[in-house]
Structures are given as C-alpha cells and as structure tokens.
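Peer 1:
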Amino acid sequence: IIAFWHSPPYSKGRHDSDEPGSAETRMRERFLPILEAGGVDLVLTGHSHSYERSYLLDGHYGTSETLTNSMILDGGSGNPQIDHVYFKANGPHKGAVYVVAGSSSKLAAGEFGHPAMYTHHLRHGSVVLDIEEDVLQVTFIDFNQVVRDEFTLRKSLPPPTQTPTPTPTATASPTPTLTPTPTASPTSTRTPTPTATPTTTPSLATIYLPVLFTQ
265 IIAFWHSPPY SKGRHDSDEP GSAETRMRER FLPILEAGGV DLVLTGHSHS
315 YERSYLLDGH YGTSETLTNS MILDGGSGNP QIDHVYFKAN GPHKGAVYVV
365 AGSSSKLAAG EFGHPAMYTH HLRHGSVVLD IEEDVLQVTF IDFNQVVRDE
415 FTLRKSLPPP TQTPTPTPTA TASPTPTLTP TPTASPTSTR TPTPTATPTT
465 TPSLATIYLP VLFTQ
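Going by the numbering used here, the sequence shown opens with residue 265, and the numbers climb by one from there.
1) Between the alpha carbons of E414 and G366, how many angstroms are there, rounded?
2) Compute the distance between the beta-carbons of Y315 and L296, then report whether it is under 7 Å.
3) Just reading off the beta strand (DSSP E) that R418 is part of, what are its end residues?
4) Around the Cβ of A380, are there at least 16 other Cβ atoms within 10 angstroms (buried) or fewer (exposed)?
5) Between G303 and the rest of its own chain, which residues show a CB-CB distance below 7 Å, the 5 nearest in sequence each way excluded?
6) Where does L331 fall in DSSP's three states?
7) Where does P450 land, buried or exposed, given buried means 16+ other C-beta within 10 angstroms?
8) What is the DSSP secondary structure of E397, counted as helix, strand or coil?
9) With distances taken between CB atoms, is the gap from K370 to H313 smaller than 7 Å?
10) Mind checking S275: buried by the 16 CB within 10 Å criterion, or exposed?
11) Buried or exposed for E288, going by 16 or more other Cβ atoms inside 10 Å?
12) Are D398 and S368 touching if we call contact CB-CB under 7 Å?
13) May I have the straight-line CA-CA distance separating L321 from R278, to the nearest angstrom?
14) Quick check: P272 and T327, are their CB atoms within less than 7 Å of each other?
15) Buried or exposed for H378, please, with buried defined as at least 16 other CB atoms from any protein chain shown within 10 angstroms of its CB.
16) Per DSSP, what kind of secondary structure is I298 in: helix, strand or coil?
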C-alpha cells in the first residue's frame, strides 16, 4: 500500500513537522494511525524542498522528541549493499517508510536531522519506484544521475537463521591386539658320531727358501 499527499508528517527541512497546528502535525496525528492500522507500506510527500527518508516506523504520532526506539521497527538502511533490506509481514502496524521527495524543482535548506529519518539530501533529484511481486525498491537519483539513496522493502518474513549441523566426531576403533605367533621350537640336530681318522706319521722334507740380499 502506497499513500501520497503534500505535507510531510516528519520533516526538518524547509517546513518543520513539529510546528503546532500545522498541516504536517494534523496529518501525523489524524491520518497516520488510520494508515498504519490499514497496513500502509510507503508514504510519499513533498512541501519541504529537499529529500528526507525515514527508517521503518510505526506508532510515532507526536513531535520529534517523543520518538522512542520501540517506534523504529528496523533501524538499518534498508539497502542490502550496506546491511539488509526491510522485511515486513502483511497486516496492521508492521511498519512503513516515509519519504519527503520535494527536491525535483527547487531546493530550500532547513535544520534537518529529524530522529525518524535515516538520511536527507539537499540536491535536485527524482524518486524512482520499482515493484516486482512482493518487493518494492525505492531509489533517489540526483540530476547528475548519481544514486544518493536506495532501499528495498520486502513483504515477507526474513529467512530463518540456519543453525549449522555439527559434524559427528568419528570414534576411533580400538586397535586390535596382535596375538603372538608361537615360535617353532628348533628341531634338534643329531650330532654325528665322529669317525676315527687313522694317524699317519708325516714324511720329513727339506724346503729351500731363496734369500735376497741387497747392498
């Protein structure tokens, strides 16, 4: 669901949404509760001649100093290149993003820094919406064709965090005890009975050894 009108419920640009009795205050107090109960996703406004873009919000109907952390459903950028997209389910009070897109024709400075806003730019530019099935992508492009801000809103719940399955530790099998192979007892070798050798009387011989003398 996309809603759009002129006066921004949140702005610290040329027009201050905290001003009592202003159109900005009346829209915030009277219309936002109805829109958020109906499940609005994106609100586009102008009036302040600048670009301002909020977080994913719900339930902030007072002045800027009354904003609490519980009213910021997602304090990220909504840009997956920076952190993550905005996820929201269908139904009432699931959050909406508020964009002030008033810088296409002229610029007007302001205080800026509204606590509900994620970013702001004082540059000429246009806002481009791309919608495909349950995904809404919003891009702010300045007149030099430079992307100054972008976020994605996905109408579904974030994927569940996968819990890693622990890898089972293999239990070491006990090392089998080797059964010693019995050593064969050596076969006793029968000692042969010595045969008596007849004793002979050696013959006498004369051996001559030549002797060399060197002077």
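C-beta atoms are modelled at their ideal positions from N, C-alpha and C, and glycine is treated no differently. Here the structure is a predicted model, which is why all the values come from computation and not from measurement.
Peer 2: Taking the geometry as given:
1) 16 Å
2) no
3) V411 to R418
4) buried
5) I265, N354, G355, P356 and K358
6) coil
7) Confidence at P450 is low in this model, with a pLDDT of 49, below 50, so its placement is unreliable and the value that follows should be read with caution. Exposed, by the Cβ-count rule.
8) coil
9) yes
10) buried
11) buried
12) no
13) 22 Å
14) no
15) buried
16) helix
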